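Residues in the sequence shown are numbered from 1412 upward in steps of one, following the numbering used here.
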Amino acid sequence: MLSIFDHQRTMDRRSMMTAGGLALGGLSLADLLRTQAVAGGREKPIRTGKSVVFLLQHGGPTQFETFDPKLDVPDRIRTVGGVVQTSQPGVTFGSTMSGLAKWAHRMAIVRSYTSGSASHSLRPLIGKASRKANIGTLFSRLAGANDPKTGLPSNVTLFPNTIEPGALGPDERFGKFNQTGEINSAYSAFTPGGGSTLQENMKLRLPAKRFDDRAALLKSLDGLRRDIEQSGAAEGFDKYRQQAFEIVLRGVADAFDLSREDPRTIARYDTAHFVDEDRYSGVSNGGSARRWYQNNAQTLGKELLLARRLCEAGCGFVTVATRFVWDMHADRNNLDITRGMEAVGRPFDHAVSAFIEDCEERGLSDDILLVCVGEMGRTPRINKNGGRDHWAGLAPLMLYGGGITDGQVIGQSTRDGGEPLADRTGSDNLVATILHTLLDISELRLRSELPTNLVDFASSGTPIRHLA
């Protein structure tokens, strides 16, 4: 376990040895670095060097008002709010997707994706198609729990409370985001503020009264780094322990600290101005669901910004999630389609557009794959209250970056938007696409030390057609 003490206290050699030995499943970070060095150039890395940001549109987004609008249909099916022309000739999105419409030529839209279920869950992030483990856990088990260069966790999950103290964390009524299936819990997702196993291994030991003070936490890391550098106390360590210090004190702290980001970039991503309490007034379940909408608008943009920072620093798989805001039934818990797309669709459009624009400017479009999808879609027919209900037959799926063939619409839905008409795509294809993006499958097949069942699973999947 990593133990970092208040920077005002003396740091002795033994304490530094504790910090240098960041333990992960009984193996210290220094040991991992040493093992990597011993291997030298004899083995190619399993990781491709690419990362995935998985934005879970929890609740089940509507295909009609996002990426597969329908106009030439009966009134009770027709897309609410009209459409917007995209940068791809002949392709339209729902009207609240106006920002993303400008980037359609850099995206891939799948209009024939189905999750196969109409119930709430964490599909396709976690489900049968991922062996009942978080997809990031599969990657972490095969490629390693930490990036070998920076020490960052390979698998991270972000929620509103990662960004705003007091905001909501995960809602686990329909599954736990850190599920590992048959894989050891040491490879579960690192959840800042969520108390995961890996987080316990990386806990920063400060006085209890200051542990919840993020600013003090980061200040202590900076102070400890300066103390070590000025005292020369690290000179007696072998180079692997010194490298471990650099990883812990520079990479990890910096990547999670949004205050180090350019204020103009933060402003570009920020979705807080979309918070509108009046818009949530139709939800009457005691205010709980209203808070879901408020937290989503308040933090979604910054969650995506943090995800980009983590990917740049070496994290391979980042989940971004809020709570059930896409569940637009028009009942006491949920908004109708019209208000729901204003309350949820617009901050989504703003945040994802900012992410794409930022990646384009930073030259990351081939290095980061963004996946936007939920656990199901919505019914073709609008219900009597103006909402759309759960639907298993079809769901929207959008991908950007990661080296995919962009500017295309894959598949086709039926006239009423309820079923795939051509090029049916399932969760197994999406999981395979993600794993093939993250892993060098040819190299993976050569690694006899890895679990055969997981290697076979990762290497035998069929990615979404036309993306490569």
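Using N, Cα and C, we set each Cβ at its ideal position, and we do this for glycine too. Since the structure is predicted, the reported quantities are computational estimates derived from the model, not experimental observations.
Nearest to residue i (by Cα), restricted to the options the options
i	options	result
T1816	T1676, D1483, S1498 and I1520	I1520
A1718	R1675, N1745, Y1524 and A1765	A1765
T1473	R1458, Q1496, T1507 and R1675	T1507
G1562	F1601, G1505 and A1578	F1601
G1822	I1875, N1545, S1692 and R1701	I1875
P1603	Q1499, E1575, G1797 and T1497	E1575
L1549	R1458, K1481, G1580 and F1475	R1458
S1530	S1462, D1839, H1801 and S1692	H1801
T1873	V1763, I1748, D1681 and N1840	N1840
L1711	I1779, A1724, V1694 and I1677	I1677
R1487	P1831, N1796, P1500 and H1761	N1796
P1535	S1824, L1579 and E1786	E1786
P1758	S1692, F1667, V1494 and T1733	T1733
A1762	D1681, D1747 and C1722	D1681
V1729	L1579, G1751, T1497 and A1556	A1556
I1537	G1586, T1490 and G1505	G1586
D1827	T1848, L1805, N1545 and T1844	L1805
S1464	S1532, C1726, E1771 and T1749	Before going on, a small fix: residue 1464 reads as Val here, not Ser. Of the candidates S1532, C1726, E1771 and T1749, the one whose C-alpha sits nearest the C-alpha of V1464 is C1726.
S1528	G1788, G1818 and T1844	G1788
R1489	E1753, I1748 and A1666	I1748
Q1410	E1772, L1849 and T1573	An answer regarding residue 1410 cannot be provided, because it is not within the stretch 1412 to 1879 covered by the chain.
Residue i burial status per 10 Å Cβ neighbour count (16 or more: buried)
i	result
E1688	exposed
G1510	buried
D1479	buried
E1860	exposed
L1846	buried
M1427	Because the pLDDT of M1427 is 36, which lies under 50, any placement of that residue in the model is unreliable, and the question is left without a value.
L1857	exposed
S1596	exposed
H1684	exposed
S1853	exposed
P1831	buried
L1482	exposed
G1798	buried
Q1496	exposed
E1611	Model confidence at E1611 stands at a pLDDT of 42, short of 50, so the residue's coordinates are unreliable and nothing is read from them.
Where the alpha helix (DSSP H) through residue i begins and ends
i	result
G1798	That residue, G1798, is in no alpha helix (DSSP H); it is neither H nor E in DSSP.
R1702	S1699 to E1723
C1770	R1757 to R1773
R1679	P1674 to Y1680
T1848	S1838 to L1849
G1471	That residue, G1471, is in no alpha helix (DSSP H); it is neither H nor E in DSSP.
T1503	T1503 -> not in any alpha helix (DSSP H); beta strand (DSSP E) instead, spanning T1503 to G1505.
D1866	Before going on, a small fix: residue 1866 reads as Val here, not Asp. Note, V1866: alpha helix (DSSP H), T1863 to S1871.
E1854	I1852 to L1855
C1748	Before going on, a small fix: residue 1748 reads as Ile here, not Cys. That run of the alpha helix (DSSP H) goes I1748 to G1751.
S1509	S1509 to A1512
7 Å Cβ shell around residue i - same chain, five flanking residues per side excluded
i	result
Y1811	R1517, M1518, I1767 and L1781
S1551	S1565, N1566 and Y1598
V1502	A1515 and V1820
G1606	Model confidence at G1606 stands at a pLDDT of 48, short of 50, so the residue's coordinates are unreliable; what they give is reported in the following sentence. Hits under 7 Å: none found.
G1470	F1735, V1736, W1737, D1738 and G1785
V1663	G1562 and L1563
A1833	S1523, G1822 and Q1823
Sheet register partners of residue i (DSSP bridge)
i	result
T1816	In the DSSP output, where bridge partners are listed per residue, T1816 has none listed.
G1788	W1802
V1731	L1466 and L1569
A1544	T1591
Y1811	M1518 and L1781
S1599	Its beta-bridge partners do not exist; DSSP assigns none.
N1557	P1564
P1876	Residue 1876 is actually Arg in this sequence, not Pro. DSSP, once it has assigned bridges, lists no residue as partnering R1876.
I1821	V1521
R1858	Its beta-bridge partners do not exist; DSSP assigns none.
R1671	None; R1671 has no bridge partner.
R1458	L1850
Residue i: CB within 7 Å of a non-hydrogen atom of the ligand GTP
i	result
N1794	Ligands are entirely absent from the displayed structure, and the ligand GTP is therefore not among its contents.
Residue-level contact to chain B via CB, residue i, 8 Å cutoff
i	result
S1764	Of the chains in the structure shown, none is chain B; there is only one protein chain.
Chain-order list of residues whose beta-carbon lies under 6 Å from that of residue i (same chain, five-residue window excluded)
i	result
R1542	G1592
L1808	V1521, Y1524 and V1784
G1751	M1739
A1879	none
S1462	C1722, G1727 and I1779
Start-to-end residues for the beta strand (DSSP E) that takes in residue i
i	result
T1525	M1518 to T1525
A1833	P1831 to A1833
Q1496	V1494 to Q1496
Close beta carbons around residue i, own chain, < 8 Å, minus the five adjacent residues each side
i	result
L1855	I1457, L1553, L1861, V1866, A1869 and S1870
S1694	Looking at the sequence shown, residue 1694 is not Ser but Val. A1700, R1701, Y1704, R1743, N1744, N1745 and L1746, listed in sequence order.
D1851	K1455, P1456, I1457, R1458 and T1459
N1794	H1740, A1741 and D1800
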